[in-house]
Ligand SMILES: Cc1ncc(C[n+]2csc(CCOP(=O)(O)OP(=O)(O)O)c2C)c(N)n1
Ligand SMILES: [Mg+2]
């Protein structure tokens with residue numbers, strides 16, 4: 014039996030292996046936040062399958078050569094969910110898994126929000142919400158329409174509360190106009206944001222219709238089913254006439270019963286005792 018606390022993984026199309034990776038990412042998130050004593054658990058826990066599908070199945074990338082010119086790129090737009098990105102990068106081999114324990118420490122490469130160049134594999138600096146889609150669309154436009162590069166894809170994840178930002182909709186128009194078939198976006202549709210339910214703070218109502226009206230190809234999936242996410246990415250890649258938006262319905266705090274569906278866990282770390290309880294639940298929760 015390998016030591017799961019430090020195990021790294023290669024790309025795979027095996028469901029059981031993908032589910033196992035998602036569970037380990039959740040365990041990493043809980044440990045990191047409890048050790049740091051600050052940070053955001055709900056969003057990252059809900060996004061474990063999205064990052065698993067990307068880094069361990071869909072993305073063409075090489076952890077030994079982060080700047081590989083033929084790689085796909087991923088921009089994490091909702092930068093406060095950094096722990097899920099850091100765990101995926103470490104588990105893929107970009108840096109030692111043991112370094113996850115330095116989250117949010119003074120001088121650490123793993124700050125509360127990701128910084129490009131600070132850590133191998135991080136493609137963009139984020140934290141201020143609303144910029145990732147503009148960055149991804151610009152990158153995809155240059156690849157597709159200026160450099161005429163085939164077979165490289167650009168991905169981004171935004172939070173559902175994040176799409177309240179006006180800049181998102183400028184990028185949505187741009188990507189629709191230029192038919193960016195090499196661009197695949199995700200909305201982490203977890204129905205919470207910092208102060209409450211999305212539908213109370215700023216109703217998004219029919220998210221799918223909004224993106225379709227901006228000339229996007231839209232898919233809606235169970236974002237906590239890693240196979241459904243992998244399949245949606247494949248469908249999105251096959252559509253070359255438009256950018257694809259995958260509306261990923263996720264459970265905030267997924268896998269930790271006392272955190273699920275509760276917006277108060279948006280930005281509150283677990284105590285040591287709560288972390289222990291959370292790790293027990295993750296092991297016994299049947300997620301993998
Ligand atoms: C431009 C900007 N405004 C406000 C914030 C503060 N902020 C951080 S996370 C967040 C909530 C965003 O909601 P969502 O994207 O749904 O995140 P979730 O609660 O689901 O993790 C806010 C308002 C920010 N980071 N950037
Ligand atoms: Mg949200």
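Numbering (the working numbering), first residue to last: 14 to 301. Every residue gets a Cβ at the ideal spot worked out from N, C-alpha and C, and that includes glycine. Here the structure is a predicted model, which means the values were calculated and not measured.
Would you report the Cα separation of residue i and residue j, rounded to the nearest angstrom?
{"i": "residue 228", "j": "residue 185", "result": "8 Å"}
{"i": "residue 72", "j": "residue 64", "result": "10 Å"}
{"i": "residue 167", "j": "residue 128", "result": "18 Å"}
{"i": "residue 31", "j": "residue 212", "result": "32 Å"}
{"i": "residue 28", "j": "residue 130", "result": "33 Å"}
{"i": "residue 102", "j": "residue 298", "result": "24 Å"}
{"i": "residue 85", "j": "residue 241", "result": "20 Å"}
{"i": "residue 121", "j": "residue 115", "result": "6 Å"}
{"i": "residue 97", "j": "residue 260", "result": "18 Å"}
{"i": "residue 89", "j": "residue 138", "result": "8 Å"}
{"i": "residue 234", "j": "residue 136", "result": "26 Å"}
{"i": "residue 263", "j": "residue 237", "result": "6 Å"}
{"i": "residue 292", "j": "residue 265", "result": "16 Å"}
{"i": "residue 200", "j": "residue 251", "result": "19 Å"}
{"i": "residue 17", "j": "residue 35", "result": "12 Å"}
{"i": "residue 177", "j": "residue 69", "result": "30 Å"}
{"i": "residue 218", "j": "residue 210", "result": "12 Å"}
{"i": "residue 153", "j": "residue 77", "result": "24 Å"}
{"i": "residue 246", "j": "residue 196", "result": "11 Å"}
{"i": "residue 20", "j": "residue 163", "result": "34 Å"}
{"i": "residue 95", "j": "residue 283", "result": "16 Å"}
{"i": "residue 273", "j": "residue 161", "result": "44 Å"}
{"i": "residue 239", "j": "residue 183", "result": "30 Å"}
{"i": "residue 37", "j": "residue 62", "result": "11 Å"}
Measuring alpha carbon to alpha carbon, tell me which of the options ends up nearest residue i.
{"i": "residue 24", "options": "74, 251, 278, 297", "result": "74"}
{"i": "residue 142", "options": "207, 18, 59", "result": "207"}
{"i": "residue 302", "options": "266, 31, 258, 118", "result": "Only positions 14 to 301 of the chain appear in the structure, and residue 302 is not among them; the question remains open."}
{"i": "residue 124", "options": "107, 103, 99", "result": "99"}
{"i": "residue 52", "options": "68, 34, 84, 92", "result": "92"}
{"i": "residue 180", "options": "59, 147, 281", "result": "147"}
{"i": "residue 202", "options": "115, 220, 183, 94", "result": "220"}
{"i": "residue 44", "options": "296, 288, 293", "result": "288"}
{"i": "residue 110", "options": "22, 266, 246", "result": "22"}
{"i": "residue 295", "options": "42, 104, 66, 89", "result": "42"}
{"i": "residue 107", "options": "81, 126, 117", "result": "81"}
{"i": "residue 243", "options": "67, 173, 119, 17", "result": "67"}
{"i": "residue 7", "options": "222, 79, 239", "result": "Because the chain in this structure spans residues 14 to 301, residue 7 falls outside the shown range and cannot be described."}
{"i": "residue 290", "options": "20, 18, 40", "result": "40"}
{"i": "residue 172", "options": "286, 38, 205", "result": "205"}
{"i": "residue 267", "options": "38, 59, 117", "result": "59"}
{"i": "residue 198", "options": "169, 217, 210, 218", "result": "169"}
{"i": "residue 57", "options": "276, 134, 20, 165", "result": "276"}
{"i": "residue 175", "options": "140, 161, 133, 187", "result": "140"}
{"i": "residue 281", "options": "163, 118, 48, 54", "result": "54"}
{"i": "residue 303", "options": "269, 256, 239, 222", "result": "Outside the displayed span of the chain (14 to 301) sits residue 303, for which this structure offers no information."}
{"i": "residue 87", "options": "117, 232, 133", "result": "133"}
Decide if residue i is buried, meaning its Cβ has at least 16 other Cβ atoms within 10 Å, or exposed.
{"i": "residue 279", "result": "buried"}
{"i": "residue 254", "result": "exposed"}
{"i": "residue 113", "result": "buried"}
{"i": "residue 224", "result": "buried"}
{"i": "residue 215", "result": "exposed"}
{"i": "residue 83", "result": "exposed"}
{"i": "residue 226", "result": "exposed"}
{"i": "residue 50", "result": "exposed"}
{"i": "residue 144", "result": "buried"}
{"i": "residue 270", "result": "exposed"}
{"i": "residue 47", "result": "buried"}
Taking 8 Å as the threshold (beta carbon to beta carbon), is residue i in contact with chain D?
{"i": "residue 144", "result": "The structure shown contains no chain D, having only a single protein chain."}
Problem - Every unbroken beta strand (DSSP E) within the region 185-217, with a cutoff of 3 residues, ordered by chain - result: 196-202
Exercise for the section: Flag this pair as touching only if the region 150-164 and the region 191-200 have three or more C-beta atom pairs under 8 Å; answer yes or no. Expected result: yes
Exercise for the section: Just list the alpha helix (DSSP H) runs in the region 62-121, keeping only unbroken ones of 4 residues or longer that don't cross its boundaries, in chain order. Expected result: 95-105
Handout entry: Ordered list of alpha helix (DSSP H) runs contained in the region 223-257, each at least 4 residues
Key = 239-251
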